[in-house]
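Heads up, the thing below is written out as structure tokens.
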Amino acid sequence: MKHNYYLSLGSNLGDRADYFKQAHQGLAKLGVIDQESTVVETEPFGVADHVFLNQVIKLTSELEPTILLDAIKDLEKAIGRQPREHWGNREIDIDIILWDKKKLDTVTPQGNQLRIPHPGLLSRQFLLDALKELGVELNEIL
């Protein structure tokens with residue numbers, strides 16, 4: 024069964040554009056990238072101190088959400104993400120924002136916490152703007 028996911032990409036260290044390129048290439052192996060929002064720069068949140076590049080993509084995949092998240096975490100490591108403090112600087116960050124208009128709160132086989140919709144969705148304007156650009160009606164989901 025195919026699932027529709029909306030993923031956010033963020034990077035604020037190093038060659039941000041190259042990290043995005045690698046993320047797109049890796050995600051394309053996990054499904055089909057159907058849509059991409061505009062890439063925008065945003066101010067850092069939390070303890071991060073460098074400006075972020077952010078984007079939202081729509082990915083259609085046959086992977087279940089827990090398997091997809093574990094694959095995304097493996098992809099982040101392969102791209103070069105280093106462990107740092109929560110809400111800190113990062114080479115690449117890929118989050119599942121939405122999934123098939125469903126809600127989920129669970130732990131993946133690798134022990135990653137997965138909450139859909141993403142708990143930070145409504146507090147991050149760049150996500151709301153990108154989803155609107157992609158034609159997502161949040162009132163149908165939340």
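Residues in the sequence shown are numbered from 24 upward in steps of one, following our numbering. Glycine is no exception: its CB is placed at the ideal position from the N, C-alpha and C atoms. These numbers come from a predicted model, not from an experiment.
- Taking 8 Å as the cut-off, the beta carbon of Val159 is found closer than this to the beta carbon of Tyr29.
- Taking the C-beta atoms as reference points, Leu92 is found no nearer than 8 Å to Gly49.
- CA-CA distance, Gly134 to Leu127, rounds to 15 Å.
- By the CB criterion at 8 Å, Gly33 and Asp152 fall outside the cutoff.
- A residue is called buried when at least 16 other Cβ atoms come within 10 angstroms of its Cβ; Asn162 does not meet this threshold and is exposed.
- In the three-state scheme derived from DSSP, where H, G and I count as helix and E and B as strand, Ser60 is classed as coil.
- In the same chain as Gly103, and ignoring 5 residues on each side of it, the C-beta atoms closer than 6 Å to its own belong to Glu114, in chain order.
- For Arg138, the beta-bridge partners assigned by DSSP are Asp128.
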